[in-house]
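Presented below is the structure to which this report refers.
There are 2 protein chains.
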Amino acid sequence: MLSKKTKYGLKALAYLGNQKDRKPVQISEIAEHENISQKFLESILLSLRKSGFLSSKKGKGGGYYLLKNPDQIYMTDVMRVLEGPIAMVPCVSLNFYESCDDCPDERTCSVHKLMLQVRDSALAVYRNNTLQDILCNQP
Amino acid sequence: MLSKKTKYGLKALAYLGNQKDRKPVQISEIAEHENISQKFLESILLSLRKSGFLSSKKGKGGGYYLLKNPDQIYMTDVMRVLEGPIAMVPCVSLNFYESCDDCPDERTCSVHKLMLQVRDSALAVYRNNTLQDILCNQP
DNA sequence: TATTACCCTACTTATTTAGTAGAGTTTTCA
DNA sequence: TGAAAACTCTACTAAATAAGTAGGGTAATA
Chain A
1 MLSKKTKYGL KALAYLGNQK DRKPVQISEI AEHENISQKF LESILLSLRK SGFLSSKKGK
61 GGGYYLLKNP DQIYMTDVMR VLEGPIAMVP CVSLNFYESC DDCPDERTCS VHKLMLQVRD
121 SALAVYRNNT LQDILCNQP
Chain B
140 MLSKKTKYGL KALAYLGNQK DRKPVQISEI AEHENISQKF LESILLSLRK SGFLSSKKGK
200 GGGYYLLKNP DQIYMTDVMR VLEGPIAMVP CVSLNFYESC DDCPDERTCS VHKLMLQVRD
260 SALAVYRNNT LQDILCNQP
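Chain order of the listed sequences is A and B.
Going letter by letter, the first sequence gives residues 1 to 139 in our numbering.
Going letter by letter, the second sequence gives residues 140 to 278 in our numbering.
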């Protein structure tokens with residue numbers, strides 16, 4: 001299951017990506033528009049800022065804005081920050097690799113064999129999509 | 140993350156698939172060989188039996204055995220039984236569809252757009268793999 | 001300089017996962 | 001026949017994670 005954190009984070013990024021310019025948007029505006037608990041959204045946006053996707057401006061007229069163009073924001077990176085590893089098991093993870101303590105040999109492990117393919121296929125999708133690609137582009 | 144239930148279930152199926160014949164294999168043998176808590180494995184095998192993948196024989200010399208040939212057991216079906224929906228959000232699920240109560244329109248939803256692709260790619264992998272395909276085939 | 005709005009820590013609640021405990025039932029083989 | 005093997009089933013529990021709450025702190029701008 002996709003966590004709410006990821007879901008909300010993606011929606012917030014998309015909301016910012018749909019803005020005409022890069023003027024700061026208040027958390028409250030995003031929260032209201034996307035039906036997200038404001039406090040929860042605060043923490044999500046904070047982690048997106050710390051990861052370099054967003055920047056923020058304090059004080060009156062402040063808010064969050066994208067640091068890069070939507071077509072430069074890859075879903076691979078976004079998903080890793082919001083959801084964590086893309087792989088479903090640590091033993092096939094590129095960025096968060098860990099061996100299984102119960103498995104004697106990865107090379108003959110059925111789970112490994114299957115999950116490697118699943119990881120690759122998911123990765124292909126995330127690499128093929130930028131924020132631009134998932135915007136709604138409505139008037 | 141893949142749940143332990145799914146992981147153990149797959150390993151158990153693979154263990155049975157690697158048997159030369161279809162003689163019943165005791166739970167204890169599988170549990171020991173695959174490093175799984177026997178009691179937990181019991182419940183997993185039970186659900187695989189109820190779903191029609193396995194059958195069991197009671198009494199001395201009893202155990203579990205595959206009902207079909209490994210090349211007739213599709214990962215799509217196995218994953219749905221063990222792990223549940225393949226989709227990461229209910230609104231893109233084929234078999235467990237549910238609309239999101241916080242989302243006004245699926246057609247313009249970025250999360251929907253992305254997760255639809257992820258589901259399709261995962262589904263392609265699972266449809267392309269039978270139990271036979273993930274066996275280790277070692278001497 | 002007051003207000004706006006982000007920043008940060010700590011706590012709480014609900015849900016799911018992963019298992020444990022234990023009694024019960026069926027079957028087979030000696 | 002009868003004892004043991006081995007599956008069946010229900011209920012309970014502990015740990016981890018997710019999701020959210022509470023509340024005060026801090027910086028920037030008009």
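The beta-carbon is built from N, C-alpha and C at its ideal position, and this holds for glycine as well.
Because the structure is a prediction, the values reported are computed rather than measured.
- Of all residues in the region 255-269 of chain B, only Q256, V257, S260, A261, A263, V264 and N268 come within less than 7 Å of chain A when Cβ atoms are compared, listed by chain position.
- Around the Cβ of F192 (chain B), a 10 Å sphere holds 16 or more other Cβ atoms; the residue is buried.
- Within its own chain, the residues whose Cβ lies closer than 6 Å to the Cβ of S190 (chain B), once the five positions on either side in sequence are excluded, are V220, listed in chain order.
- Residues of chain B with a Cβ closer than 7 Å to the Cβ of K113 (chain A) are, in chain order, I273.
- Closest by C-alpha distance to L135 (chain A), out of A:T76, A:I30 and A:D71, is A:D71.
- Assigned with DSSP and collapsed to three states, K146 (chain B) falls in helix.
- Within chain A, M1, L2 and K7 have C-beta atoms less than 8 Å from the C-beta of V228 (chain B), given in sequence order.
- Residue pairing for S55 (chain A): DSSP places it in a beta bridge opposite A:Y65.
- Distance from the CA of C103 (chain A) to the CA of Y74 (chain A), rounded to the nearest whole angstrom, comes to 33 Å.
- Around the beta carbon of G156 (chain B), a 10 Å sphere encloses 16 or more other beta carbons of the protein chains shown; the residue is thus reported as buried.
- For K150 (chain B), the C-beta contacts it makes with chain A under 7 Å involve S110 and V111, in order along the chain.
- The beta-carbon distance between V250 (chain B) and L152 (chain B), rounded to whole angstroms, is 33 Å. This is too long to meet the 8 Å contact definition.
- A distance below 8 Å separates the beta carbons of G63 (chain A) and I27 (chain A).
- In this model, S186 (chain B) and K196 (chain B) are separated by some 15 Å (Cα to Cα).
- A direct Cα-Cα distance of roughly 35 Å separates R119 (chain A) from V25 (chain A).
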